[in-house]
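Below is one structure, written out as structure tokens, with a few remarks after it.
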Amino acid sequence: MQGPKGTYDVLPKDQPLRSRIVHTAGRLFAAAGYGRIGTPAFEETGLFVRGVGESSDIVRKEMYSFEDKGGRSLTLKPEGTAPVVRAYVQHGMHKLPQPVKLWYYERMYRFERPQAGRYREHYQLGAEAIGSGAPQLDVEMIMLLSDLYEQLQVPDVRLRLSSMGCPVCRPDYIERLQSYLEDVLDGLCRDCRERAQLNPLRVFDCKEEGCLARLEDAPKLVDNLCDGCLDHFESVRGYLDGLGRRYKVDGTLVRGFDYYTRTTFEYECRRLGAQKGIGGGGRYDRLVEQISGPVTPAVGFGTGLERILLALRSAGAEAAAAGTDVFFTVLDDDAWPLVVKSLHSLRRSGIAADTDYAGRRMKGQMKQADRLGARFTVIIGEDELKSGKLAVKDMQSGGQEDVAADELEAYIRGRL
RNA sequence: GUGGAUGUAGCUCAGCUGGCAGAGCUCCGGAUUGUGGUUCCGGCGGUCGUGGGUUCAAGUCCCAUCAUCCACCCCA
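In terms of our numbering, the first sequence is residues 10 to 425.
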């Protein structure tokens, strides 16, 4: 037996580092005024088709879509933004003070061939600020993600920045790009020749040397922005410069979803193998109206938990699990009533307590106490039951003292 | 969807030109009465991914299939 392709189990030993990441993010996002939102694991398929775009790879071949018993077409969410925007519209959040700032930690599903840092089910942390077109908000987003990586000490993170323009400048630019591509078409690979027709911006994703060389002189969208988009872009750059956040303007940065407008950004980490993108996002001023909300500008990002983990572990990061405070070693069955009561009472007052349920010999029980990282071991056998004094061993010093049963909690508490 | 590598104990792996399935780690127990981490000893644990084929004999050779990993595509 094994889990489905591209999925993995999160075992107890994996948990501490993951919680550290999520808690760090939660604190950071809350400090910037973001409230956490949860959205369903699946949505109507149409939401993603309209939101992410029909020409995107996600919609064309990566969606986990299925029909439910009521004949509805549903899809396990492949990305986080469209569902959040749907919730924004559905709950009338456009009536709230704008912008509405939300963050999430959710599972995403994409039908792809798994490889290093890529799964069919993966976890993403993300944030969306809906209802403002201010460039300062783009900067807030970029810095939020930057600060997250910094606080987590993700190594070797670099920022690429670009602009996707808007409905005013992008069509003009695409025409220019297409006519340029026609001139060099013969020198391009098969994929690129197809892209030139379907989704010309995608040619910049190509890694073929021949294509790269021919695309070097291609017009870039960042150099062909309309006045409004250029102002916006310059403004974002100005604030980033002022904050000392280093970045590289990269006209070949093309994000995968159709909904992006103006600012796009991507963080890369060189420690991730082939999947070097660790997180990214951008502005999507048209998405809210595309899914039948009012015209509403917005900006957001997503970052992959597995990629952060990969980067952190490449630097040797591991968080320690919480240990046990007290372990009860039971040497006589008559001790059980006392042990059961003590366990319950200690735990209720917040002291981590455990005992042996496997019928081990004393030595095995001591070993188990050691494995659990117990600070104290309470030994209860025939002698202790007779005297009413429990043997409490300090596992660090190795010292041992007799403690009356009803003083145990106070004794432990005073020494933790 | 395409390409490459790899599937042997819970984990990491060895097993040569076909000849009785191994080690280390983990787990349980023991090293004279009830004391962990170190050491020594013993024990538990395997349809050799699966199905065919060749052979007196297949973990080993051949074919197919599935899975995992890595890379392409694309993305987090």
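In this text, a Cβ means the ideal position worked out from N, Cα and C, and glycines have one as well. If you're wondering where the values come from, they're calculated on a predicted model, not measured in any experiment.
Spatial distance of residue i from residue j (CA atoms)
| i | j | result |
| --- | --- | --- |
| Met-72 | Gln-124 | 18 Å |
| Thr-364 | Ala-413 | 19 Å |
| Tyr-268 | Tyr-366 | 56 Å |
| Thr-54 | Gln-299 | 14 Å |
| Ala-320 | Asp-342 | 50 Å |
| Gly-15 | His-131 | 9 Å |
| Arg-116 | Lys-86 | 8 Å |
| Lys-216 | Leu-153 | 30 Å |
| Pro-25 | Asp-18 | 14 Å |
| Ile-183 | Arg-59 | 21 Å |
| Arg-271 | Leu-249 | 16 Å |
| Glu-315 | Leu-134 | 10 Å |
| Met-375 | Thr-386 | 8 Å |
| Ala-329 | Phe-266 | 38 Å |
| Val-263 | Met-173 | 8 Å |
| Leu-194 | Leu-221 | 13 Å |
| Leu-239 | Gly-62 | 25 Å |
| Ala-34 | Ala-344 | 46 Å |
Residue i versus the options, residue with shortest Cα-Cα distance
| i | options | result |
| --- | --- | --- |
| Ala-96 | Met-117, Phe-75, Pro-49 | Pro-49 |
| Ala-91 | Gly-290, Tyr-256, Val-349 | Gly-290 |
| Val-212 | Glu-218, Ser-65, Arg-204 | Arg-204 |
| Lys-229 | Gly-219, Gly-247, Tyr-17, Tyr-189 | Tyr-189 |
| Ser-396 | Asp-415, Leu-381, Gly-407, Gln-405 | Asp-415 |
| Phe-51 | Ala-41, Gln-24, Arg-81, Glu-391 | Arg-81 |
| Leu-461 | Leu-161, Arg-69, Gly-260, Leu-252 | Here the chain comprises residues numbered 10 to 425, so residue 461 is not present and cannot be evaluated. |
| Gly-390 | Gly-382, Ala-400, Ala-383, Arg-384 | Ala-400 |
| Met-150 | Ala-136, Gly-140, Leu-161 | Ala-136 |
| Glu-218 | Leu-207, Glu-410, Cys-201 | Cys-201 |
Residue i, buried or exposed, once every other Cβ within 10 Å from all chains shown has been counted against 16
| i | result |
| --- | --- |
| Lys-402 | buried |
| Lys-104 | exposed |
| Glu-225 | exposed |
| Val-166 | buried |
| His-32 | exposed |
| Pro-108 | buried |
| Arg-292 | buried |
| Lys-110 | buried |
| Gly-428 | With the chain running from 10 to 425 in the structure shown, residue 428 is simply not present. |
| Glu-277 | buried |
| Pro-106 | exposed |
| Val-297 | buried |
Per-residue DSSP class, three states only, for residue i
| i | result |
| --- | --- |
| Met-72 | coil |
| Cys-201 | helix |
| Ser-396 | helix |
| Ala-50 | coil |
| Cys-220 | helix |
| Phe-274 | strand |
| Arg-129 | coil |
| Leu-61 | Per the sequence shown, residue 61 should be read as Val rather than Leu. Correct three-state label for Val-61: helix. |
| Lys-78 | coil |
| Val-304 | coil |
| Gln-409 | strand |
Run of the beta strand (DSSP E) containing residue i, from where it starts to where it stops
| i | result |
| --- | --- |
| Ala-307 | 307 to 313 |
| Ile-287 | 286 to 292 |
| Val-339 | 335 to 339 |
| Met-117 | 109 to 118 |
| Arg-167 | 166 to 172 |
| Asp-147 | Looking at the DSSP string, Asp-147 is not in any beta strand (DSSP E); the run it does join, the alpha helix (DSSP H), is 144 to 161. |
The alpha helix (DSSP H) enclosing residue i, as first and last residue numbers
| i | result |
| --- | --- |
| Ser-188 | 179 to 193 |
| Arg-246 | 236 to 252 |
| Gln-374 | 371 to 380 |
| Thr-33 | 24 to 40 |
| Val-98 | 90 to 99 |
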